[in-house]
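Reviewing the structure listed below.
Protein chains: 2
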Amino acid sequence: MGTDRKDEGPLDALIRSLAGLPGLGPRSARRIALHLLASKTEVMAPFMAALAQAAESVHTCRSCGNLDFSDICRICRDERRSRQTLCVVAGVADLWALERTGAYKGRYHVLGGVLSALDGVGPDDLRIASLLQKVKDEGIQELILALSATVDGQATAHYLMDRLPAGALKVTRLAHGIPVGGELDHLDDGTIVTALKSRAAL
Amino acid sequence: MGTDRKDEGPLDALIRSLAGLPGLGPRSARRIALHLLASKTEVMAPFMAALAQAAESVHTCRSCGNLDFSDICRICRDERRSRQTLCVVAGVADLWALERTGAYKGRYHVLGGVLSALDGVGPDDLRIASLLQKVKDEGIQELILALSATVDGQATAHYLMDRLPAGALKVTRLAHGIPVGGELDHLDDGTIVTALKSRAAL
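Here the protein sequences line up with chains A and B, keeping their order. Numbered continuously in my numbering, the first sequence closes out at residue 565. Numbered continuously in my numbering, the second sequence closes out at residue 565.
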C-alpha cells in the first residue's frame with residue numbers, strides 16, 4: 364500500500380520482488396506493479412502465463428549452458444556448425460549478441476559469469492571444469508575467448524589461458540578497437556591507445 | 364532463443380511480455396528474462412508466487428479506486444479521515460505519493476487516468492460519474508483536484524469544474540510554483556512566470 368510500512372502485504376511483496384530484478388528500482392517496480400494490477404485479465408494473467416510457460420519449458424543446455432527447449436540446445440545440435448571452433452562467453456546474453464550478428468558458425472560454451480573476487484565468484488561457480496573437459500575430449504582447434512574487456516573478464520581469460528593445454532590449441536580473443544560508428548571524442552583513453560597500437564594498413 | 368525469429372518459443376513470448384511493461388524495452392526485458400531463468404528456484408519461483416499472491420488478494424477499492432486487500436480500502440474505512448475533503452488524483456501512484464507526505468487527512472478518488480484525445484480516453488473511461496455522484500451524495504465540502512500540470516491533466520480539471528455543482532462546494536487545485544530545492548536556472552519559463560505571479564509576502 365505504501366501507507367503503512369509495518370505490515371508488508373502482497374502488494375509490497377510484489378513491489379520488492381520486482382525491484383530486485385536487474386535494472387529496476389523501487390520507483391519502476393511500483394509503476395510496473397500498478398500497471399499489472401490495473402488490468403488483471405488483460406495484462407497480469409497473460410504475463411503470469413508467459414512466465415509459467417517459460418519456467419516449465421526453457422532449460423539450460425547440458426552441453427554449452429545456453430537456454431533452449433531441450434536438454435541439448437539447437438546450436439549444439441546443429442550439424443552445420445563447426446565442432447572445431449568453440450566460443451567462450453560469460454553469459455547467455457553474450458551468446459545471443461554474437462548470434463544476432465550471424466557471423467559466427469562454431470559452437471559456444473557459456474561460463475555462467477566471470478571470476479570476481481569482489482562478488483565472491485570462484486572457478487567452481489563457473490562452467491570451467493566442463494570447458495576444459497570439452498577441449499580435451501572433442502578435438503577443439505580454436506577457442507575464442509569472447510569475454511568482456513573488463514578487469515574481471517580479462518582475469519577470467521588469463522585464468523583459462525593458464526589451464527588450457529599448450530600445443531595445438533589456438534586461443535584467440537575478440538579484437539579491441541574503436542566501435543564501428545564510434546566517435547574518437549567519446550571514447551576512453553584505453554580504447555584509443557589499443558586502437559592505435561593495433562592500427563591496420565589501408 | 365533470439366537465433367531464429369520464425370518460431371516464437373516460450374522464451375521469446377516471455378521477453379515480449381516483459382518488454383510490454385512500462386519502462387522496459389527489448390534489451391532490459393531480455394536481461395530480466397535471463398536473470399529469472401538463470402535461477403528458477405531462487406528467483407523465478409518466488410517472483411511468480413509474489414505475482415500470484417498479489418493477483419489474488421489485491422483489489423480495487425469500490426469506493427475510491429485505490430488498490431488494497433479488501434473491497435473498501437483502508438483509507439476509505441479510516442474513521443479518523445475527514446469525509447468532507449476529497450482529493451481527486453489520476454492514478455494510484457499519485458495517491459501513494461500524497462500518502463507518503465502524511466500531510467493529507469481527507470479521502471481520495473482515483474480517476475484511473477486523465478482525459479486524452481490523443482490516447483482516446485474519454486469521460487466514460489474514467490471514474491467521473493461515480494465522483495459526481497459522491498460529491499452529490501456525501502456532502503463533500505472541498506474537492507482538491509490534484510492532477511498533473513500537463514495539458515491533459517488541466518483539461519480533465521476543466522472538464523470536472525464544468526460538471527461539478529455550483530454553490531457550497533469549494534474546488535481547489537495544488538499550488539504551482541518552484542519545487543522545494545529547485546534551482547531557478549533549471550526551471551521552465553512557465554513555472555517561473557506562475558511562481559512570480561503567485562508570489563507570497565515574507
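Glycine residues also receive a C-beta, built at the ideal position from the N, C-alpha and C atoms.
- For the pair Ala413 (chain A) and Ala376 (chain B), the Cα-to-Cα distance works out to about 6 Å.
- Proximity to Val455 (chain A) across B:Glu419, B:Ile491, B:Asp441 and B:Ala396 peaks at B:Ala396, based on C-alpha coordinates.
- Look at Thr513 (chain B) here: in three-state DSSP terms it is coil, with no helix or strand label.
- Contact of Ala415 (chain A) with chain B is assigned, a C-beta pair being separated by under 8 Å.
- With 16 or more neighbouring CB atoms inside 10 Å of its own CB, Val452 (chain A) falls in the buried class.
- The DSSP-derived three-state label of Tyr467 (chain B) is coil.
- At a C-beta separation below 7 Å, Val421 (chain A) has these neighbours in chain B: Pro373, Leu374 and Leu400.
- Sequence-distant partners of Pro389 (chain A) (beyond 5 residues in either direction) whose C-beta falls short of 8 Å from its own C-beta, in its chain, are Ile378 and Ala382.
- Residue contact check for Lys499 (chain B) against chain A: no CB pair falls below 8 Å.
- Ranking A:Thr513, A:Arg490 and A:Cys450 by CA distance to the CA of Thr554 (chain A) puts A:Thr513 first.
- By DSSP's assignment, Arg446 (chain A) forms no beta bridge with any residue.
- Note on Ala520 (chain B): 16 or more other CB atoms within 10 angstroms of its CB, so buried under the neighbour-count rule.
- In its chain, beyond the 5 residues on either side, Gly428, Leu474 and Gly475 have a beta carbon closer than 6 Å to the beta carbon of Arg490 (chain B).
- Of all alpha-carbon atoms in B:Gly544, B:Leu374 and B:Gly540, the one lying nearest the alpha-carbon of Asp551 (chain B) is that of B:Gly540.
- Leu430 (chain B) has a beta carbon lying within less than 8 Å of a beta carbon in chain A.
- For the stretch 435-455 of chain A, residues whose beta-carbon sits nearer than 9 Å to a beta-carbon of chain B comprise Cys436, Arg437, Ile438, Gly454 and Val455.
- Separation of the CB atoms of Leu400 (chain B) and Ala563 (chain A) is rounded to 40 Å, and the pair is thereby denied contact status at 8 Å.
- Spatial neighbours of Ala392 (chain A) in its own chain (CB-CB distance under 6 Å, excluding positions within 5 residues in sequence) are listed in chain order as Ile378, Leu381 and Ala382.
- No residue range can be given for Val477 (chain B), since it is assigned to no beta strand (DSSP E) and is classified by DSSP as neither H nor E.
- When the alpha-carbon of Leu458 (chain A) is set against those of A:Leu527, A:Asp525, A:Arg394 and A:Ala509, the nearest one is in A:Ala509.
- Sequence-distant Cβ neighbours of Leu494 (chain A) in its own chain, meaning closer than 6 Å and more than five residues away, are His472.
- Rounded to the nearest whole angstrom, the C-alpha separation of Leu559 (chain B) and Gly485 (chain B) is 34 Å.
- Around Lys403 (chain B), the beta-carbon contacts reaching into chain A at under 7 Å are Ala418.
- Under DSSP, Ile507 (chain B) takes part in a beta bridge, and its partners are B:Cys450 and B:Thr535.
- Listed along chain A are Ser380, each with a C-beta nearer than 7 Å to that of Pro409 (chain B).
- Within the stretch 399-423 of chain B, complete alpha helix (DSSP H) segments of at least 4 residues are found at 408-420, given in chain order.
- Put simply, of A:Glu505, A:Asp434, A:Asp525 and A:Leu565 the residue whose alpha carbon is nearest the alpha carbon of Leu537 (chain A) is A:Glu505.
- Nearest in C-alpha terms to Gly469 (chain A), of all of A:Leu527, A:Arg446, A:Asp487 and A:His422, is A:Arg446.
- Bridge partners of Val484 (chain B) according to DSSP: B:Ser479.
- Residue state for Leu494 (chain A) is assigned as helix, using DSSP reduced to three classes.
- Under DSSP, Asp548 (chain A) shares a beta bridge with no residue.
- When Cβ-Cβ separations below 8 Å define contact, Pro385 (chain B) makes contact with chain A.
- Assignment of beta-bridge partners to Asp431 (chain B) by DSSP yields B:His422.
- Of the residues A:Ala518, A:Cys439 and A:Ile507, the one whose Cα lies closest to the Cα of Cys424 (chain A) is A:Cys439.
- Interface annotation, Leu397 (chain B): in contact with chain A, CB-CB separation under 8 Å.
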